[in-house]
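Residue numbers (this note's numbering), protein chains in the order written: chain W, 1 to 504; chain S, 505 to 599. Everything on this sheet refers to the single structure shown next.
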Amino acid sequence: MSAPMTSANSWTIAAARDALRKGEISAVDLTMSCLTAIDAGDGLNAFVYKTPEIALEQARAADARIAESRKSGGEAPAMCGIPLGIKDLFCTKGVPSQAASNILKGFRPEYESTVTSKLFGAGAVMLGKLNMDEFAMGSSNETSCYGNAVSPWRRKGANVQLTPGGSSGGSAAAVAADLCLAATGTDTGGSIRQPAAFTGIVGIKPTYGRVSRWGIVAFASSLDQAGPMTKSVRDAAIMLQAMAGHDPKDSTSADIPVPDFEAALTGDIRGKVIGIPKEYRMDGMPEEIEALWAKGVAMLRDAGAEVRDISLPHTKYALPAYYVIAPAEASSNLARYDGVRYGHRAKLAQGDGITEMYEKTRAEGFGPEVQRRVMVGTYVLSAGFYDAYYNRARKVRALIKRDFETAFAEGVDAILTPATPSAAFGLGEMADADPVKMYLNDVFTVTVNLAGLPGISVPVGLDAQGLPLGLQLIGRPWEEGALLNYAHVLESRAGFVAKAEKWW
Amino acid sequence: MAIDIDTARKVAKLARIRVEEADLPKLADQLSGILGFMEELNEVDVEGVEPMTSVTPMRLKRRADVVTDGNIQAEVLKNAPDAREGFFAVPKVVE
């Protein structure tokens, strides 16, 4: 293949990998094209800390490694020389990592997260840190201490700024706007899949335990998983391969082999059973989402899959269970931000003791949504309410997981649902809504975190206003390869190629 | 269950987050809304169901009881808002 005529920052990982290995482009040139796009993309507020020096140094090292491999007749790793954006939730050594929170202002980790060190070990290039909701708590990137990330997409004929989704909003905006080839994201209730759907890209949340959580700022430890956000399903397979694997530093990371995900993309899904859960047909769901879902069903059936109606009876209780469990875990995880060991400490008045220091530091450092969730979590864990809320939610969680296990045991290979209940909304449009309304964004994705399953969002079409819409596929535990293959079939049949028109 | 202002004040105290008196009514209102949403869980029959502790059944791995890290005092203290003589410094705790 000859180097495409489009500028290199718009390439997929797969195309760049092939061009780099053939010597058709250097990692330095590829990185430069992204750095140029990033500087021209400040209006998106996606990159909140740029690392051009690190990027160019890593790109030079990648070029040397690729040349060395070629000389010895081997191949450099697939991610070698690939420029990435890194969500601010990942600790990156010596580079500000503050989870989009003022409480971690000035924090420069003395260590590297397992995911980023695996990616950099494979030769990937870090372009900078990406915007997100504070501590990954939000669905619109509006709770960030850096201000909103802005979607590159706009409604037809309008210039209203739209949300790229959240919490991985900066990652989604950066990938969709071709500021980088791909980005890391994290997903606790939908934070990879919802922004991917809002911006017309691919995002996969792997099975809980597939990717190490070490060095990623914790939100809700039993739900958090990191994953790739990319321009194609193939890219998701390539990048997930480099991120996954057992890590002795994360006791919940699974010690099982990581299969070759890209090799699983055979395009053959004949005879596979795709379940359509009736409980995901919500009252008041927009007709366009309904139509998109039907389109997805037709595509998979056309590819030879058997489509079967299924029931996941406890779906309705996933959101309330999530909004007990996630804040409970968050209130515990965020107790460490006390102004003692790192980050912000409030200025104290004469006579203030350590309690005043904690209280003032946390009031100043945490934004309103984070404060709310920490307090909800504190309440549901407090004496007298622990059983009524927290234990009950954990029991409901067991039932939600059982629903999926039953479907899989009855022969279902994967489940197809909408990714989001609507297309992207305008920034500020939900400002006056009560917090619960924002939580409804996660209605289709949150069950997957509660059950620990892999889920992927694939762009399938545009709505009447010209905005991307995605479908979600949910797979069996540890079967990301098969899941990526279903997604690959959906992607090739949908033929989604639309890009946001450049205004920034 | 509705959260009153006293409960909101107590929760803020337990969470070690300072909330001004004037902001308590709004906080109580928002917490009530969120907790009201959670009340839906009461409809579910959870009789005999074990609360989930781990989403993937796995035995926690064990490792050899050896020192794998350490002697990095400077790195540990590097991000501290106030570090003195090799310690984290905080306001006086005991009189």
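For each residue, glycine too, the CB sits at the ideal point set by N, CA and C.
- Segment contact: the stretch 120 to 132 of chain W against the stretch 385 to 404 of chain W, fewer than three CB-CB distances shorter than 8 Å; contact not assigned.
- Against chain S, the CB of residue 129/W has no partner CB under 8 Å away; the residue lies outside that interface.
- The alpha-carbon of residue 299/W is positioned some 6 Å away from that of residue 493/W.
- Any Cβ of chain S closer than 8 Å to the Cβ of residue 96/W would place that residue at the interface, and such an atom is absent.
- DSSP places residue 280/W outside any alpha helix (DSSP H), giving it a letter other than H or E.
- CA-to-CA, the gap between residue 586/S and residue 218/W works out to about 24 Å.
- For residue 230/W, the secondary structure class from DSSP, reduced to helix, strand or coil, is strand.
- A buried status is given to residue 241/W, since no fewer than 16 other beta-carbon atoms sit within 10 Å of its beta-carbon.
- Residue 185/W: not part of any alpha helix (DSSP H); member of the beta strand (DSSP E) spanning 182 to 187, first to last residue.
- Residue burial is scored here from C-beta neighbours: residue 267/W has fewer than 16 other C-beta atoms within 10 angstroms and is therefore classed as exposed.
- For residue 471/W, the secondary structure class from DSSP, reduced to helix, strand or coil, is strand.
- As a beta-bridge residue in DSSP terms, residue 309/W pairs with 276/W.
- In the three-state DSSP reduction, residue 143/W falls in the coil class, being neither helix nor strand.
- Going by DSSP, residue 400/W is part of no beta strand (DSSP E) but of the alpha helix (DSSP H) stretching over 392 to 409.
- The three-state reading of DSSP puts residue 252/W in coil, since its state is none of H, G, I, E or B.
- Interface criterion met: the Cβ of residue 516/S is under 8 Å from a Cβ in chain W.
- In the DSSP assignment, residue 205/W falls outside any alpha helix (DSSP H) and within the unbroken beta strand (DSSP E) covering 202 to 205.
- The C-beta of residue 374/W comes closer than 8 Å to at least one C-beta of chain S.
- What residue 577/S touches in chain W, judged by beta-carbon distance under 8 Å, is nothing: the nearest beta carbon there is about 11 Å away.
- In terms of CA proximity to residue 310/W, 403/W leads the group 503/W, 7/W, 460/W and 403/W.
- A Cβ of chain S is located within less than 8 Å of the beta carbon of residue 391/W.
- For residue 586/S, the C-beta contacts it makes with chain W under 8 Å involve 345, in order along the chain.
- Counting the other CB atoms within 10 Å of its CB gives residue 280/W a total of 16 or more, which places it among the buried residues.
- For residue 588/S, the secondary structure class from DSSP, reduced to helix, strand or coil, is strand.
- When C-beta distances to chain S are compared with 8 Å, the residues of the stretch 391 to 407 of chain W below that value are 391, 392, 393, 394, 395, 396, 397, 398, 399 and 401, in chain order.
- DSSP places residue 415/W outside any alpha helix (DSSP H); the residue lies instead in the beta strand (DSSP E), whose first and last residues are 414 to 418.
- Using beta-carbon distances, residue 525/S does not count as an interface residue toward chain W, since no partner is under 8 Å.
- Listed along chain W, no residue sits closer than 7 Å to residue 509/S by beta-carbon distance, the nearest being about 13 Å off.
- Residue 121/W and residue 24/W have their C-alpha atoms spaced approximately 23 Å apart.
- For residue 241/W, the nearest beta carbon of chain S is not closer than 8 Å to its own beta carbon.
- Under DSSP, residue 86/W shares a beta bridge with 129/W.
- A direct Cα-Cα distance of roughly 8 Å separates residue 434/W from residue 537/S.
- Per DSSP, residue 378/W has no beta-bridge partner at all.
- Taking C-alpha positions only, residue 534/S is separated from residue 380/W by approximately 15 Å.
- For residue 371/W, the nearest CB of chain S lies under 8 Å from its own CB, placing it at the interface with that chain.
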